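Asker: Please find one structure pasted underneath; my questions will follow.
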Amino acid sequence: MSGDGGAVRADTAEGPARKSDGARPASGRRPTSFRTRLAGRFAALMAGAFTLAALVAMVLLRRALVGQLDATLLRLGAIEAATLADAPADAMHFHEGAFDPPAADQRELAQLVRYAEIWGLDGRPVLRSRSLGVRDLPLAPGALAAAARDRVVATGGRWDGGPLRMVYLPLARLGRGHERHVLQVAAPAAPVDEVLRAMVWTLAAFGATATVLTFGGGWALAGRAIRPAREVAEQAAAITAGSLGARLQAHADAEEYHRLVAVLNDMLARLEAAFAAQRRFVADASHEIRHPLAVLRAGLELALRRDRAPDEYRAALADGIAEADRVGELAAGLLLLARSDAGVLQPRRVPTDVEALTAAACLRAAKVGEARAVRVALVPGAAPERPEAAGDAADGPPVVAAVDAVLVSQALDNLLDNAVRVSPAGGGVRVHLTRSPTTVAVHVVDSGPGVAPEHRTRLFERFFRADPARASGGGAGLGLAIVKGIAEAHGGDVTYAPATTPTGAVAGSRFTLRLPI
């Protein structure tokens with residue numbers, strides 16, 4: 001991440017927010033609202049349940065009406081059979097009288113007409129009721145054969161274009177020549193169909209009304225249910241980059257909404273911290289870049305104010321080159337951190353002797369330490385500060401790990417440079433390696449004052465200095481942040497712990513760089 005890039009993102013985030021009309025699907029159609037879908041599903045569920053209940057009710061009602069009609073026909077048949085029992089087979093007659101209704105009433109009264117006919121087992125009609133005239137009732141297939149076995153048969157048929165219900169009663173028990181006679185009693189089933197038709201319209205009207213009312217009720221309930229979510233959305237929409245400190249309020253009692261608000265508030269807290277860190281980084285980066293450039297410009301202007309000796313010009317140019325190198329190192333560090341943040345810092349892993357890398361880094365640090373009277377030494381793994389759970393690298397074969405030698409060397413140089421800077425004159429820096437079956441660790445222990453507890457959480461932040469007085473010492477405050485980025489790019493980590501004496505007193509700092517083997 002560069003300073004300019006960070007500034008552009010910060011300005012963009014704080015710019016005027018554009019109102020969104022909501023996310024649209026790829027088809028371009030506006031999605032149906034949750035409220036409408038929920039109300040529609042309530043209505044569909046009600047319609048489906050009501051339709052199923054209506055179908056069951058219609059089946060049961062039809063069965064009941066047909067059963068009632070069959071029972072009526074059986075009673076009528078029993079009455080006719082009783083009448084026939086009083087007469088011999090050659091003098092049979094039905095219990096009926098003359099009835100000639102007015103023409104205006106014939107349609108309604110036709111539904112009350114009952115038909116009766118006596119059949120022989122050979123399928124020939126024997127006697128008809130007056131209501132049949134000269135026509136015969138339709139015979140159901142197998143009805144006469146079943147009646148011959150002394151069984152009562154109820155079945156349906158058609159008569160004059162309408163439904164007909166028929167009952168067959170064997171007359172063999174009457175004797176007196178009726179052994180081969182079957183009584184057929186029938187009645188129009190149109191009244192049953194009319195009742196069912198009226199019931200269908202009634203249920204349809206009631207179902208439509210219930211569905212509409214259910215949709216309205218679902219719409220109202222869904223509105224109440226999503227009102228807290230809309231309030232949360234409105235509160236969230238009002239939060240801008242400049243008001244990330246605001247928090248959402250939960251006005252509903254539902255546990256789900258409180259959890260949603262808590263999660264969103266946690267996200268806002270992380271965003272606020274990220275924005276604050278970004279602003280701090282941009283400000284620090286611009287300051288760190290501006291300072292060496294100002295020094296470079298001032299040195300050049302000073303050299304040009306008057307004619308100077310060649311040695312003075314060379315000294316001014318040397319100072320300018322040093323400041324330019326400092327800016328270059330700062331830019332390189334920022335670029336490395338930006339690649340680490342973007343996840344594109346890909347180490348070129350090759351089998352590398354980590355102990356040899358550490359020894360070379362110690363030699364480089366020792367040259368810097370000589371000017372400060374600080375001794376740098378690679379000590380055996382039996383140092384008191386080594387982790388007890390790890391094996392000592394010095395006690396076994398060379399530790400070979402698949403790492404990027406250039407990046408790891410840079411991380412070791414940064415750790416050792418930091419240790420030399422904080423160690424007082426006459427102090428020392430101790431380095432040792434430990435290993436486990438899966439990792440190798442490089443421990444760098446200095447003899448400085450240590451890090452105060454309140455500063456330890458920010459120790460690996462960019463441009464952070466626990467001791468502000470070190471700002472003039474040449475460091476940019478990126479060293480430990482770069483170490484962390486390199487370690488994480490390798491799948492490892494870097495940690496801090498205070499170095500202590502056997503009595504428990506703080507005697508410096510211990511940084512541990514762990515890398516997977």
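Position one of the sequence shown corresponds to residue 1 (full-length UniProt numbering), numbered consecutively onward.
Backbone N, C-alpha and C fix where the C-beta goes; we use that ideal spot for every residue, glycine too.
Model, not experiment: these values are computed from the prediction.
1. In three-state terms, what does DSSP make of Ala-497?
2. Please classify Lys-484 as buried or exposed, where buried requires at least 16 neighbouring CB atoms within 10 angstroms.
3. May I ask you to report which of helix, strand or coil DSSP gives Asp-21?
4. Tell me the DSSP secondary structure of His-455 in three-state form.
5. How far does the beta strand (DSSP E) with Ile-118 in it reach, from first residue to last?
6. Can you confirm whether the region 299-310 touches the region 268-277 when touching is taken to mean that 3 or more C-beta pairs between the two stretches lie within less than 8 Å?
7. In whole angstroms, give me the CA-to-CA distance for Leu-248 and Arg-465.
8. Which runs of the beta strand (DSSP E), 3 residues or longer, sit entirely within the region 165-236?
9. What is the residue span of the beta strand (DSSP E) that Ser-509 lies within?
10. Relative to the C-alpha of Ala-47, which residue among Ala-497, Ala-189, Ala-116 and Phe-215 is closest?
11. Taking buried to mean at least 16 other C-beta atoms within 10 Å of its own C-beta, is Arg-63 buried or exposed?
12. Give the DSSP-derived three-state secondary structure of Gln-111 in the structure shown.
13. With respect to the alpha helix (DSSP H) encompassing Arg-128, which residues constitute its N-terminal and C-terminal limits?
14. Please classify Gly-391: does DSSP put it in a helix, a strand, or coil?
15. Applying the 10 Å Cβ sphere with the 16-neighbour rule, what's the burial state of Val-134?
16. Evaluate Ser-423 with the Cβ neighbour count: other Cβ atoms within 10 Å of its Cβ, from every protein chain shown; 16 or more gives buried, anything less gives exposed.
17. Would you call Gln-184 buried or exposed, if buried means 16 or more other Cβ atoms sit within 10 Å of its Cβ?
18. Tell me the rounded alpha-carbon separation between Val-354 and Leu-317.
19. Does His-490 come out as helix, strand or coil in the three-state DSSP assignment?
20. Is Pro-188 close to the ligand SAM? I mean its beta-carbon at under 8 Å from any heavy atom of the ligand.
21. Compute the distance between the beta-carbons of Ala-186 and Leu-221, then report whether it is under 9 Å.
22. My understanding is that Arg-37 touches Gly-223, with C-beta atoms under 8 Å, so please give their C-beta distance in whole angstroms.
23. Can you tell me where the alpha helix (DSSP H) with Thr-358 in it begins and where it stops?
24. Given this structure, state the Cα-to-Cα distance separating Pro-498 from His-443, to the nearest angstrom.
25. Please state whether the Cβ-Cβ distance between Gly-157 and Pro-170 is less than 9 Å.
Answerer: Here's the rundown:
1. Numbered from 1 along the sequence shown, position 497 holds the residue referred to as residue 497. Strand.
2. Here residue 484 refers to the residue found at position 484 of the sequence shown. Classification of Lys-484: buried, given that the 10 Å Cβ count is 16 or more.
3. Position 21 of the sequence shown, counted from the start, is the residue given in the question as residue 21. Bear in mind that the predicted position of Asp-21 carries a pLDDT of just 46, short of 50, making it too unreliable to give a figure here.
4. Position 455 of the sequence shown, counting from 1, holds the residue named residue 455. Here His-455 sits in helix by DSSP.
5. Within the sequence shown, the letter at position 118 stands for residue 118. Residues 115-120.
6. no
7. Position 248 of the sequence shown, counted from the start, is the residue given in the question as residue 248. Position 465 of the sequence shown, counted from the start, is the residue given in the question as residue 465. If you take the alpha carbons of Leu-248 and Arg-465, they lie about 35 Å apart.
8. 181-188
9. What you label residue 509 is simply residue 509 of the sequence shown in a count that begins at 1. It spans 506-516 - the beta strand (DSSP E) in which Ser-509 sits, taken as one unbroken run.
10. Working through the sequence shown from its first residue, we reach residue 47 at position 47. It is Phe-215.
11. Reading the sequence shown from its first residue, position 63 is the one you call residue 63. Exposed is the call here.
12. Along the sequence shown, one-based indexing puts residue 111 at 111. Note that Gln-111 has pLDDT 45, beneath the 50 cutoff, so the model's placement of it is unreliable and the number below is only indicative. If DSSP states are grouped into helix, strand and coil, Gln-111 belongs with the helices.
13. On the sequence shown, residue 128 is found 128 positions in, with the first residue counted as 1. Unbroken run through Arg-128 is the beta strand (DSSP E), 125-128; no alpha helix (DSSP H).
14. Numbered from 1 along the sequence shown, position 391 holds the residue referred to as residue 391. Confidence is the limiting factor: at Gly-391 the pLDDT is only 45, short of 50, which leaves the residue's position unreliable and the question unanswerable from this model.
15. Start at 1 with the first residue of the sequence shown, and residue 134 comes out as number 134. Exposed, by the Cβ-count rule.
16. Residue numbering aside, residue 423 sits at position 423 when the sequence shown is read from its first letter. Buried, by the Cβ-count rule.
17. As a first step, residue 184 is located in the sequence shown; it is residue number 184 there, counting from the start. With 16 or more other Cβ atoms within 10 Å, it is buried.
18. Working through the sequence shown from its first residue, we reach residue 354 at position 354. Working through the sequence shown from its first residue, we reach residue 317 at position 317. Going by the C-alpha atoms only, they are around 39 Å apart.
19. Numbered from 1 along the sequence shown, position 490 holds the residue referred to as residue 490. Reduced to three states, the DSSP call for His-490 is coil.
20. With respect to small molecules bound, the structure shown includes none, and the ligand SAM cannot be examined in it.
21. Here residue 186 refers to the residue found at position 186 of the sequence shown. Here residue 221 refers to the residue found at position 221 of the sequence shown. No.
22. For the purposes of this step, residue 37 is taken as the residue at position 37 of the sequence shown. For the purposes of this step, residue 223 is taken as the residue at position 223 of the sequence shown. That belief does not hold up - the Cβ atoms of Arg-37 and Gly-223 are roughly 13 Å apart, past 8 Å.
23. For this step, residue 358 is matched to residue 358 along the sequence shown. Start and end: 354-372.
24. Residue mapping note: residue 498 aligns to position 498 of the sequence shown, counting from 1. Residue mapping note: residue 443 aligns to position 443 of the sequence shown, counting from 1. In a straight line, the C-alpha of Pro-498 is about 12 Å away from that of His-443.
25. Locating residue 157 in the sequence shown gives position 157, counting from the first residue. Locating residue 170 in the sequence shown gives position 170, counting from the first residue. No.
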